[in-house]
Amino acid sequence: MSSQKLFLFDFDGVIVDGMDEYWHSSLLAFEKYLTSPNLIDQNFYKQVSNTFIEMRPWVKYGWEMLIIVNQIIKREDPLNNQNKCDFLNKYNQNCQKVLLENSWVPEELQKGLDEARKYQIAKDFDSWIKLHRPFYEVLDFIERIKKDNIKSAIITTKGRIFASKILKKLNIFPELIFGYESGTKVQIASKLSREFEIIGFIEDRRNTLLDIKESPITNNIPCYLADWGYLKNIDRINLPHEIKLLKLVNLEKLLAI
Ligand SMILES: [Mg+2]
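Following our numbering, the numbering of the sequence shown begins with 45 at its first residue and continues without gaps.
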């Protein structure tokens with residue numbers, strides 16, 4: 045193992061809040077690129093559904109957002125704040141059910157989402173960027189560690205190209221960026237741990253951090269659950285002691301390690 049230090053960051057919910065973009069791009073994917081049973085009313089674009097915001101912490105891959113959006117905008121028996129718990133109680137099974145009902149496969153939905161993003165980037169890049177709200181404290185942190193000769197890697201379930209474009213616009217240039225094309229986060233972290241001394245991983249998905257801690261190759265990576273990200277309330281409770289809940293105001297303290 046090299047002595048080159050590396051810090052890992054998730055992207056969505058850790059570096060940027062992209063809630064407006066997830067909603068907008070999912071609608072656009074249905075409007076332009078996917079066969080949808082729903083008519084896409086232009087009024088849908090005006091405001092992100094609260095039900096969508098509430099359900100975002102359950103999402104692992106981008107295509108799942110399209111499932112949720114589809115269920116929210118459908119005419120009959122739509123998902124709303126009253127019945128969302130039923131869906132969430134069996135989240136994975138329900139996602140599979142919606143796939144089957146609509147004869148969709150995840151790859152097709154993901155492609156639709158990616159196409160919707162490419163379309164916006166080509167048409168009006170700045171408007172697309174404005175749908176993302178950066179967490180400036182995290183951007184500052186990445187800049188700070190660079191001065192200490194610590195490299196940064198972004199590992200995201202987004203397409204690599206989209207994370208790269210946003211980071212570049214924010215003037216942040218991490219040494220490494222991995223998207224969903226590169227495999228699971230545990231696979232990426234395992235590979236990186238052979239080359240680098242990984243001194244931390246900030247992520248807002250508790251299960252991802254649990255996976256990191258369960259793998260013998262990555263279990264020595266210090267894991268931090270981003271309190272400012274898309275968390276379920278239950279995520280903060282009974283956190284295993286080897287995963288630390290990190291608040292945005294305490295980011296700087298990590299440098300004292
Ligand atoms: Mg995240």
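Think of the CB as a built atom: it goes at the ideal place given N, C-alpha and C, for glycine as much as any other residue.
None of the values given here were measured: they were computed from a predicted structure.
How about residue i and residue j: are their beta carbons less than 9 Å apart?
i	j	result
A166	S69	no
R250	G57	no
E181	L295	yes
I59	F179	yes
L211	I221	yes
G223	F206	yes
L110	L153	yes
I84	M99	no
G156	F74	yes
D255	T228	yes
I232	K209	no
L290	L299	no
F131	N138	yes
L123	I243	no
R119	N87	no
P266	K288	yes
D158	G203	yes
V38	S259	This structure gives no information on residue 38, because the portion of the chain shown stretches from 45 to 301.
L214	L183	yes
Use the C-beta contact count for residue i: other C-beta atoms within 10 angstroms, 16 or more gives buried, fewer gives exposed.
i	result
T79	exposed
E145	exposed
D170	exposed
V103	buried
E65	buried
D121	exposed
F217	exposed
K128	buried
I194	buried
I281	exposed
Thinking residue i and residue j are a contact (beta carbons under 8 Å), I'd like their distance in whole angstroms, please.
i	j	result
N114	V142	6 Å
G196	E219	Per the sequence shown, the amino acid found at residue 196 is Ser instead of Gly. Confirmed, about 6 Å.
A270	E247	7 Å
Y163	L71	No, Y163 and L71 are not in contact; Cβ-Cβ is about 12 Å, not under 8 Å.
Q48	F240	5 Å
T262	S237	6 Å
P101	Y274	4 Å
T95	I117	No, T95 and I117 are not in contact; Cβ-Cβ is about 10 Å, not under 8 Å.
Can you find a heavy atom of ligand 3 that lies under 8 Å from the Cβ of residue i?
i	result
H176	Looking at this structure, you won't find ligand 3 anywhere; what it does contain is ligand 1.
> Taking only runs of the alpha helix (DSSP H) that begin and end inside the stretch 123–195, which ones reach a length of at least 4 residues, in chain order?
Replying inline: The alpha helix (DSSP H) runs of length 4 or more contained entirely in the stretch 123–195 are, from start to end of the chain, 128–133, 135–145, 150–173, 180–191.
> Among all residues, which have a Cβ less than 5 Å from at least one non-hydrogen atom of ligand 1, and in what chain order do they fall?
Replying inline: D54, D56, G57, D248
> Along the chain, which unbroken stretches of the beta strand (DSSP E) at least 3 residues long are found entirely within the stretch 220–248?
Replying inline: 220–222, 241–247
> Which residue spans inside the stretch 78–102 form an unbroken alpha helix (DSSP H) run of at least 4?
Replying inline: 94–99
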